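Asks: Per UniProt numbering: the sequence shown = residues 1 to 236. All C-beta atoms in this analysis are idealised placements derived from N, C-alpha and C, irrespective of residue type, glycine included. The structure presented is a predicted model; accordingly, all values stated were derived computationally and were not measured.
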Amino acid sequence: MVLFFTSTAVDPAATIYMGKDKVENEDLIKYGDDKDVWVHVDKLSSAHVYIRLSDSMTWDNIPQGLLYDCAQLVKANSIEGNKKNNVTVIYTPWTNIKKTGDMAIGAVTFHNEQMVKRIHVKERENAIVNRLNKTKREVAVDHEAVRQERERERGREKKAAATEARNAQLVAQRAYAADKEARDYSKLFSPEALAAANEEKERKAKLKALHAADGEVAPEGEKDDAGGNDSDDSFM
1 MVLFFTSTAV
11 DPAATIYMGK
21 DKVENEDLIK
31 YGDDKDVWVH
41 VDKLSSAHVY
51 IRLSDSMTWD
61 NIPQGLLYDC
71 AQLVKANSIE
81 GNKKNNVTVI
91 YTPWTNIKKT
101 GDMAIGAVTF
111 HNEQMVKRIH
121 VKERENAIVN
131 RLNKTKREVA
141 VDHEAVRQER
151 ERERGREKKA
161 AATEARNAQL
171 VAQRAYAADK
181 EARDYSKLFS
191 PEALAAANEE
201 KERKAKLKAL
211 HAADGEVAPE
221 GEKDDAGGND
231 SDDSFM
C-alpha cells in the first residue's frame with residue numbers, strides 16, 4: 001500500500017507519497033518517476049517520502065514550504081528521528097538513487113553525492129504533521145501498470161509536441177516562400193512576360209501604321225514618351 005498526502009504549502013497543492021512499510025519502499029525505489037524527489041532522514045531509519053514535482057519545479061528549486069512539509073513528514077515517520085531534535089533530512093532526485101542486489105531492504109546509496117541536498121529540522125511541528133495526516137489516503141497501487149500508462153502518456157505528449165512543432169515549421173516555411181515569391185521580380189522577365197510584351201508592341205506598331213495610312217493621328221496612349229510615336233510598355 002502507498003500512503004498519499006496533499007501539501008497545501010504551495011499553490012496548486014502538491015502530492016507527497018511514501019511506502020507504508022519497508023517492502024513497499026522497495027517497490028517505490030524500483031518504480032519511481034523522473035519527476036520524483038526522494039526524501040529521508042539522514043543516517044537514521046525512516047520512511048521513504050517522495051515529492052511529485054509539478055512541471056514548473058525542478059529538484060533544486062522546490063519551494064521551501066513544500067520541502068519543509070516533506071521534512072516534517074519523514075521525521076514523524078522515523079522511530080528514532082521522531083524523538084530527536086535537530087535532525088538532518090536529505091533529498092535527491094529519484095534518478096540519483098542507486099540500489100544494488102546486495103543491499104538490505106530499504107537501503108540505498110547515490111550515483112552522485114553532489115546531487116544530495118540537506119535540510120535542518122529543529123523539532124517536530126505537530127501543526128504541519130497533523131495537517132498532512134488529515135489528507136492521508138491509503139491506495140493499493142499496481143506499480144507496473146502505472147509505469148506502463150505513464151510511458152504511454154508521455155509518448156502521446158511527445159507525439160503531440162512533435163506534431164505541433166512540425167506544423168509550426170510548415171507554416172513558417174510557407175510564409176517564407178510566399179514572402180520570397182512576392183519579392184521575386186525575375187518573373188517580370190520570364191519568357192511568357194516578354195512574349196506578351198512583344199505582342200503588345202507589335203499590336204501598337206500595326207495600329208500606328210494603320211492610322212498613318214489613313215492620315216490620322218494616333219490616339220492618346222498609343223504614342224510613345226519620346227517622340228509621339230507608339231508607347232512602348234514592354235520591358236525590352
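At what residues does the beta strand (DSSP E) containing I51 begin and finish?
Replies: V49 to R52
Asks: Kindly indicate which residue of E24, D42, K22 and M18 has the alpha-carbon position closest to the one of D36.
Replies: M18
Asks: Taking the alpha-carbon positions, what's the S231 to A182 distance?
Replies: Summary for S231: the model assigns pLDDT 44, below 50, so the residue's position carries little reliability; its value from the coordinates is reported in the next sentence. Their Cα atoms are separated by approximately 28 Å.
Asks: Within the UniProt domain "NFACT RNA-binding" (1-112), note down every full beta strand (DSSP E) run reaching 3 residues or more, in order along the chain.
Replies: 2-7, 14-19, 36-41, 49-52 and 87-93
Asks: Would you call the CB atoms of R118 and I97 closer than 8 Å?
Replies: no
Asks: For Y176, count the other beta carbons within 10 Å of its own beta carbon; 16 or more makes it buried, fewer makes it exposed. Which is it?
Replies: exposed
Asks: Helix, strand or coil, according to DSSP, for K206 in the structure here?
Replies: helix
Asks: Look at the alpha carbon of K122 and the alpha carbon of E80, and state the distance between them as a whole number of angstroms.
Replies: 14 Å
Asks: Could you check where the alpha helix (DSSP H) with R152 kicks off and where it finishes?
Replies: H143 to A182
Asks: Whole angstroms is fine: what's the gap from A107's alpha carbon to V23's?
Replies: 11 Å
Asks: Span of the beta strand (DSSP E) holding R118?
Replies: K117 to V121
Asks: Drop a sphere of 10 angstroms on the beta-carbon of N167, count the other beta-carbons inside from all chains shown, and report buried for 16 or more, exposed for fewer.
Replies: exposed
Asks: What does the alpha-carbon distance come out to for the pair L67 and K84?
Replies: Rounded to whole angstroms, L67 to K84 spans 19 Å at the Cα level.
Asks: Considering only residues of the same chain and omitting the five flanking positions on each side of G65, which have a CB-CB separation below 7 Å?
Replies: A9 and V10
Asks: Compute the distance between the beta-carbons of V129 and L44, then report whether it is under 8 Å.
Replies: no
Asks: For V2, I'd like the list of residues in its chain whose CB is within less than 6 Å of its CB, leaving aside the five on either flank, ordered along the chain.
Replies: Taken in chain order, the residues that qualify are Y17, V139 and V141.
Asks: Since T100 and F5 should fall inside the 8 Å C-beta cutoff, what is the C-beta to C-beta distance between them, to a whole number of angstroms?
Replies: Incorrect: roughly 30 Å between the Cβ atoms, too far for contact.
Asks: What's the call for A56, buried or exposed, on a 16-neighbour Cβ count within 10 Å?
Replies: Residue identity differs from the one stated: residue 56 is Ser in this sequence, not Ala. Classification for S56: exposed.
Asks: In the DSSP assignment, what are the bridge partners of R137?
Replies: F4
Asks: What does the Cβ neighbour count give for P93, buried or exposed, with the cut at 16 atoms within 10 Å?
Replies: buried
Asks: CA-CA distance, K75 and N82?
Replies: 5 Å
Asks: Going by C-alpha distance, which of T95, A104 and D102 is nearest F110?
Replies: T95
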